[in-house]
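Trainee: In the working numbering, the protein residues as written are 12 to 198. Glycine is no exception: its CB is placed at the ideal position from the N, C-alpha and C atoms. Since this is a predicted model, take the numbers as computed values, not measurements. Pasting a structure here, questions to come.
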């Protein structure tokens with residue numbers, strides 16, 4: 012393995028090891044290109060937690076799909092940047108869906124009478140408790156910590172050793188899932 016003057020492996024060696032499944036090469040790739048990926052995501056998304064999530068997703072996706080990377084036909088940095096562009100586009104699409112779902116939920120709340128809400132509350136509690144038990148971890152644990160134990164997102168992130176953005180994403184997606192489930196019950 013060749014290295015630069017600081018003793019770090021060269022980009023070509025990192026790419027070759029990465030393609031071969033060398034975990035140290037994954038760590039080297041992260042050390043070398045995570046700043047670039049994070050900066051690209053942050054400048055595009057304008058949200059630090061989303062940029063952290065996208066950066067993490069890029070490296071997870073790259074590692075899982077490393078068999079499709081050929082170090083002899085392209086650079087690892089460019090390949091990672093391409094994956095980042097797709098993940099950023101996915102995040103924008105997710106934001107749009109979330110906004111549409113939130114607007115729809117706000118519209119639904121205004122259409123119920125006070126008596127309907129009172130009767131629906133009992134049903135909603137039962138449905139939510141059942142649906143929460145069906146959600147996979149770590150999302151279920153994160154929602155339970157947030158709403159039953161009244162913990163803040165930073166407290167949850169620290170307790171579960173997860174990035175803050177990941178915790179926020181799990182809460183947001185979990186709430187959307189639960190809201191959609193309640194919507195189905197009330198249709």
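Report the rounded CA-to-CA distance for residue 45 versus residue 180, giving the unit in angstroms.
Mentor: 20 Å
Trainee: If you draw a straight line from the C-alpha of residue 115 to the C-alpha of residue 170, how long is it?
Mentor: 33 Å
Trainee: For residue 41, count neighbouring C-beta atoms within 10 Å of its own C-beta (all shown protein chains included) and say buried if the count is 16 or more, exposed if not.
Mentor: With 16 or more other Cβ atoms within 10 Å, it is buried.
Trainee: With DSSP run on the structure shown, which of helix, strand or coil describes residue 129?
Mentor: Here residue 129 scores only 46 on pLDDT, less than 50, and its place in the model should not be relied on; the value that follows carries that caveat. Helix, per DSSP.
Trainee: Would residue 64 and residue 176 qualify as a contact pair, given that the criterion is a beta-carbon distance under 9 Å?
Mentor: yes
Trainee: Return the chain-ordered list of same chain residues with a C-beta closer than 8 Å to the C-beta of residue 22, the five sequence neighbours on each side being excluded.
Mentor: 43, 86, 87, 88
Trainee: Smallest Cα separation from residue 189: which of 53, 155, 61?
Mentor: 155
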